[in-house]
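Below is one structure, written out as structure tokens; comments come after it.
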Ligand code: PGA
Ligand code: ZN
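Residue numbers (the working numbering): 20 to 441.
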């Protein structure tokens, strides 16, 4: 097993024009690899902390030079000359070095960059595809390709907040391949774009993840328009193309009430509203339907949706094993949205996945709203057998890098797409 010769990092820009990190790992046999770190905007309160420079004169304080220095300095000194036979060994060293519960000292961005770059170097060194390496890491083999969930309309923090809910996504549920699923989604997106141009008479604005962001009068209009676009593209809503919703409700939850389309809803009223959406629209998954701290009502939400739509936790679970264990005990969800940078290392994210899988939950492997052209997420979704993948829309290269990598993996492996929903 070769040793780590050097790790270092560079501050680069993400898809929003904000700084993030690209980390590099070099092994003693000459293997070199790099990986870039994504970054969220509608972040959960329990997420691991990114190290930001805080210098208001540069990138509004969001610079990542300090995080890059931590990689090339303290982390490099600690890893240099050591051989790690597993990802867990490397990640344990990183956690020990940082020494804080939320990665605040060295930065979750610094730790994750090194964790990912090491994974890629290890795959290259073993001469296996990255998805195979990720599968080996969790003691599994690549079984299926993830079902696509693709942003069509966006609001909330990823757009101008013109509609409170964050995303309405398309799920090409009848597609047998990623290729077929993408073609269906692109057809619906084109139909929706045409309808929006006719209706609002303006050039289409898109949100951070490429979803269309017209000024709908409310969330239900957004859902109804998604169904109309599916029909306009010649598909049967529900059977051929279904919907998923990221409500991201923490971001419109104030003083115990959900501020939705002019109404102030109690938790029980919010649950009734979500249930009525699941009854009236072909929705197969509802993400963050309640706020991240509304623990008391999540079990009721899950019961209300059970059998109709997944109760998917993003900010609510934060890919954090402790939060997942608590949700399991309470029966508060039945699906995990997995974002590795919410927790900060691959090993901890693998533990989150293990807990969810053991409980029979579905797992969605997710990108962030601030992404890069790196495509490791597609390999992760295949290697960890994600039931779904959530990357964003189909008009921006940082999203397409992942879809195109999935196409490549599909052509290479001929794996079938996960049987979901139903
Ligand atoms: P974020 O949003 O990357 O801005 O946190 C993505 C999501 O909420 O799923
Ligand atoms: Zn979300």
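Glycine included, each C-beta is placed from N, C-alpha and C at the ideal position.
Note that the coordinates shown come from a computational prediction; the quantities given were computed from them, not determined experimentally.
For residue 381, the pairing in a beta bridge is given by DSSP as 354.
The segment 122–131 and the segment 397–411 do not touch, with fewer than 3 CB-CB distances between them shorter than 8 Å. For residue 306, the enclosing beta strand (DSSP E) has its first and last residue at 302–306. Taking the Cβ of residue 124 as the reference point, every heavy atom of the ligand PGA lies at 7 Å or farther away.
If you draw a straight line from the Cα of residue 422 to the Cα of residue 30, it comes to about 25 Å.
Contact between the segment 312–332 and the segment 284–300 is present, with at least three C-beta pairs closer than 8 Å.
With a contact defined as Cβ atoms closer than 8 Å, residue 389 and residue 267 miss out at about 15 Å. For residue 387, the CB falls within less than 7 Å of some heavy atom of the ligand PGA. Separation of the CB atoms of residue 407 and residue 120 is rounded to 29 Å, and the pair is thereby denied contact status at 8 Å.
Residue state for residue 340 is assigned as helix, using DSSP reduced to three classes. Within 10 angstroms of the beta-carbon of residue 433 lie fewer than 16 other beta-carbons, which makes it exposed.
When distances are taken from the beta-carbon of residue 416 to the heavy atoms of the ligand ZN, even the shortest one reaches 7 Å or more. For residue 295, the enclosing alpha helix (DSSP H) has its first and last residue at 286–299. With 7 Å as the limit, the residues whose C-beta approaches any heavy atom of the ligand ZN more closely are 61, 185, 265, 267, 306, 307, 333, 334, 356, in sequence along the chain. In this structure, residue 237 has its beta carbon at no less than 7 Å from each heavy atom of the ligand PGA. By the CB criterion at 8 Å, residue 28 and residue 76 fall outside the cutoff. Residue 383 and residue 309 have their alpha carbons spaced roughly 18 Å apart.
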